[in-house]
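K.L.:
Chains A and B are the protein sequences, given in the same order.
Using this note's numbering, the first residue of the first sequence is number 793, and each one after it goes up by one.
Using this note's numbering, the first residue of the second sequence is number 413, and each one after it goes up by one.
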Amino acid sequence: MSLRTLIVLNILGALLLSIASMAAAYFFMHDQLIALFPNAAQAKAIETLQLLLIQYAAITAAASTVITGICFLVLSRYLIRPLQAMVRGIEAFADRSERIDLTEFAHAPKEVAELARVFNDFTIKVEDAHARDVEVSRMKSDFISTAAHQFRTPLTGIRWALEALEKETLTESQMALVTSAKDKSHQLVNIVGTLLDISAIESGKHKYTFAPVDIEALTHAVAKDFGELAERTKVSLFYVPPENPLPLARADAEQVKWILNNIIENAVRYTPPGGSVRVMLESGVDRVFVHVRDTGIGIKPEDRGNIFERFYRAENAVAKENGGNGLGLYIARTIATDHGGDLNFEPNKEGPGTTFTLSLPVVS
Amino acid sequence: MSDTKFILVVEDDPVLKNLLGHTFAGKYQTLYASDGNEAIALFENNKPAVVLLDLMLPTMDGFAVLENIRSRTDELKNVPVIIVSNLGQQKDMEKAKALGANDYLVKAEVAVEEIVAKIEAQIAEKPAA
């Protein structure tokens, strides 16, 4: 029930009450008058008095109607309108972080003006906190890119020196040592590259090139790329084409490929030998979906809220030494949401394992 | 036409410079510059076939060197320039491409042999003078 309805009901109640009391007074007086003036000669006077009484009642009723009408207008002007303006202001702040000045209620009741002032202070605090967050995030991103660059220069030296060493005549065991060192230096180079990607994507510095993308072809190609890994780990990898051709998605093909690489690789790696991974496509309203369903070790309920966090690795994932640095899903989801899509997962309803679902908007 | 081409390598880190030299030995005649000003001077005097250009350099950074080369009016204006830097963010790559870099390699992410392949690709692409 709105405040306006409440006021109207209140006023109508008051009006009814005043009319009713007038009516009661009239009937009471009417009988009393007859009792007071039993004499027939005085009948004329009674009639006049009665008429006066009716007029009095009517005027009072009319006057109270007018007064209540004015009351309504005044209440509406000084209470309802400021409150409505406040609601709009709160909505604007909540929806678009837009601040509307709410301190201009000079005529509003003290309580409403106070509420506006408190809300105003609150929005200033929220904005300050947000600005600080943005600044901290920017500093962190800058730090990561500088640090990453500083790491890369010595890493380049190690890498190139090992590559040169590899070309020399080496014994088998020397070669094995050089190869291990080279592999590890590549791993480090990849970590640094990933850190840089994250800092760019997280700070919003990454510029996407959105274009119509054939998700079906892209997914099929990525699934094929993992055929070899799946065979080696004895996992059956299936690509299931969609029932109907998929509409084109609005996406950055390189970035989507990155997500697909990540979720399909994870699925294959976390599925024990003999298990299967199914890559399925589906179209929905304004969306295309890529489902990657594995029969792997699954994600424990206590890990479910965290797997999209940076550097988070579920306990069973760490124990299995499946590689990875705990950044993949975090970046993958960020890329998906930057597209206006999402990346999510659900434990399989039947049997063990997990299904990851990537959704992307279709070309409008 | 001589068989060995002149390559100008602009690299300020002595270790990386030596490693590149090790790889290029016997393949190219190599000139080295360790800062931007030296790079410009060597470029003018030696007319290299390809320039390998780092971006973070003393005196004048790689972007400025590239800009300088591309703003020339003689035939040296179009000498292929391959950026070989550890700056590898999208904005750096876009900036270098916009200034007229022919290729962009992130040092840590390529094997030295890949650099040779990129140099060969640029030499092959260049129309015979």
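Using N, Cα and C, we set each Cβ at its ideal position, and we do this for glycine too.
Buried or exposed, going by whether 16 or more other CB atoms sit within 10 Å of the CB of Asp893(A)?
P.N.:
With fewer than 16 other Cβ atoms within 10 Å, it is exposed.
K.L.:
Nearest to Phe819(A) by CA position, among Phe829(A), Leu807(A) and Ala849(A), is which residue?
P.N.:
When each option's Cα is compared against that of Phe819(A), the closest is Ala849(A).
K.L.:
Counting only Cβ pairs nearer than 9 Å, list the residues of chain A close to Gly544(B).
P.N.:
The question about residue 544(B) has no answer, for chain B in this structure spans 413 to 541.
K.L.:
Could you tell me whether any non-hydrogen atom of the ligand ZN is closer than 6 Å to the CB of Glu883(A)?
P.N.:
With respect to the ligand ZN, the structure shown offers nothing to examine, as it has no ligands at all.
K.L.:
I want to verify the contact list: residues of chain B whose CB lies under 7 Å from the CB of Arg951(A), in sequence order.
P.N.:
What Arg951(A) touches in chain B: Ala520.
K.L.:
Rounded to a whole number of angstroms, what is the C-alpha to C-alpha distance between Leu488(B) and Phe455(B)?
P.N.:
Cα-Cα distance, rounded: 9 Å.
K.L.:
Could you tell me whether the Cβ of Val1110(A) comes closer than 7 Å to any Cβ of chain B?
P.N.:
Because the pLDDT at Val1110(A) is just 48, under 50, the model does not fix this residue reliably, and the point stays unresolved.
K.L.:
I need the DSSP call for Pro460(B), collapsed to helix, strand or coil.
P.N.:
The answer is coil: DSSP assigns Pro460(B) none of H, G, I, E or B.
K.L.:
Consult DSSP for Ile494(B) and reduce its assignment to one of helix, strand or coil.
P.N.:
Residue state, collapsed to three classes: strand.
K.L.:
For Glu1035(A), would you say it is in contact with chain B, using Cβ-to-Cβ distances shorter than 7 Å as the test?
P.N.:
Not one chain B Cβ lies under 7 Å of Glu1035(A).
K.L.:
For the beta strand (DSSP E) containing Ser810(A), list its first residue and its last residue.
P.N.:
That residue, Ser810(A), is in no beta strand (DSSP E); its alpha helix (DSSP H) goes Leu795 to Leu828.
K.L.:
If you measure beta-carbon to beta-carbon, which residues of the region 429-459 of chain B are closer than 8 Å to chain A?
P.N.:
Those residues of the region 429-459 of chain B that come within reach of chain A (Cβ to Cβ, closer than 8 Å) are Leu431, Leu432, His434 and Thr435.
K.L.:
Looking at the C-beta of Ala900(A), does it have a partner C-beta in chain B at a distance below 7 Å?
P.N.:
For Ala900(A), the answer is no, since every Cβ of chain B falls outside 7 Å of its Cβ.
K.L.:
Under 8 Å Cβ-Cβ, which residues of chain A neighbour Asp473(B)?
P.N.:
Simply none; closest approach about 13 Å.
K.L.:
Check this for me: beta carbons of Arg1085(A) and Phe1030(A), under 7 Å apart or not?
P.N.:
No, the pair does not count as a contact, with Cβ atoms beyond the cut-off.
K.L.:
Given Glu1138(A), which residues of its chain have a CB within under 6 Å of its CB, disregarding the five upstream and five downstream residues?
P.N.:
Closer than 6 Å at the Cβ level, and outside the excluded window around Glu1138(A), lie Thr1147.
K.L.:
DSSP has Asn1136(A) in a bridge; who is on the other side?
P.N.:
Beta-bridge pairing links Asn1136(A) to Thr1149(A).
K.L.:
Under 7 Å between beta-carbons, which chain B residues line up against Leu962(A)? List them in chain order, please.
P.N.:
In chain order: nothing, as chain B lies at least about 16 Å away.
K.L.:
According to the neighbour-count rule (16 or more other Cβ atoms, all chains shown, within 10 Å of its Cβ), is Asn514(B) buried or exposed?
P.N.:
The residue in question, Asn514(B), is buried, as its Cβ has 16 or more Cβ neighbours within 10 Å.
K.L.:
Throw me the rounded Cβ distance for the Asp1044(A) and Thr1001(A) pair, which I believe falls under 8 Å.
P.N.:
Contact flag correct, Cβ pair sits at about 5 Å.
K.L.:
Looking at the strands, I want to know which residues DSSP matches up with Pro1004(A).
P.N.:
According to DSSP, which records beta bridges pairwise, Pro1004(A) is partnered with Arg1042(A).
K.L.:
Could you tell me the distance, in whole angstroms, from the CA atom of Ala523(B) to the CA atom of Glu955(A)?
P.N.:
Each residue's alpha carbon lies about 7 Å from the other.
K.L.:
Tell me the rounded alpha-carbon separation between Glu525(B) and Thr435(B).
P.N.:
Distance between the alpha carbons of Glu525(B) and Thr435(B) is about 8 Å.
K.L.:
I'd like to know whether the C-beta atoms of Pro492(B) and Gln441(B) end up nearer to each other than 7 Å.
P.N.:
Cβ distance not < 7 Å, so Pro492(B) and Gln441(B) don't count as in contact.
K.L.:
Looking at the structure shown, is Phe1100(A) part of a helix, part of a strand, or coil, going by DSSP?
P.N.:
Note: Phe1100(A) maps to coil in three-state DSSP.
K.L.:
Considering only the alpha carbon of each residue, which of Lys959(A), Gln979(A), Ala1009(A) and Ala1022(A) lies closest to Pro1034(A)?
P.N.:
For Pro1034(A), the nearest C-alpha among the options comes from Ala1009(A).
K.L.:
Under 7 Å between C-beta atoms, does Ala523(B) make it to chain A?
P.N.:
At least one chain A Cβ lies under 7 Å of Ala523(B).
K.L.:
Can you tell me whether Cys1035(A) is helix, strand or coil according to DSSP?
P.N.:
Just to set this straight, residue 1035(A) is Glu in the shown sequence, not Cys. Three-state DSSP puts Glu1035(A) in coil, outside helix and strand.
K.L.:
Locate the alpha helix (DSSP H) running through Glu521(B), then write down its first and last residues.
P.N.:
Where Glu521(B) is concerned, there is no enclosing alpha helix (DSSP H), given that its DSSP letter is neither H nor E.
K.L.:
Report the three-state DSSP secondary structure of His1131(A) (helix, strand or coil).
P.N.:
Coil at His1131(A), not helix or strand.
K.L.:
Assuming contact is defined by CB atoms lying nearer than 7 Å, are Ile936(A) and Leu987(A) in contact in what I supplied?
P.N.:
In this structure, Leu987(A) lies closer than 7 Å to Ile936(A) by Cβ.
K.L.:
Could you give the first and the last residue of the continuous alpha helix (DSSP H) run that contains Glu469(B)?
P.N.:
The sequence shown places Leu at residue 469(B), rather than the Glu named in the question. Run containing Leu469(B): none; DSSP gives neither H nor E here.
K.L.:
Let me see if you follow: with CB-CB separation under 7 Å, is Val528(B) close to chain A or not?
P.N.:
For Val528(B), the answer is no, since every Cβ of chain A falls outside 7 Å of its Cβ.
K.L.:
Roughly how many whole angstroms lie between the Cα atoms of Met1072(A) and Leu1038(A)?
P.N.:
Those two C-alpha atoms are separated by around 12 Å.
K.L.:
So which residues on chain B does Leu947(A) lean against when the C-beta distance must stay under 7 Å?
P.N.:
Simply Ala520.
K.L.:
Is the shortest distance between the beta-carbon of Val422(B) and the beta-carbons of chain A less than 7 Å?
P.N.:
Chain A contact via Cβ: absent.
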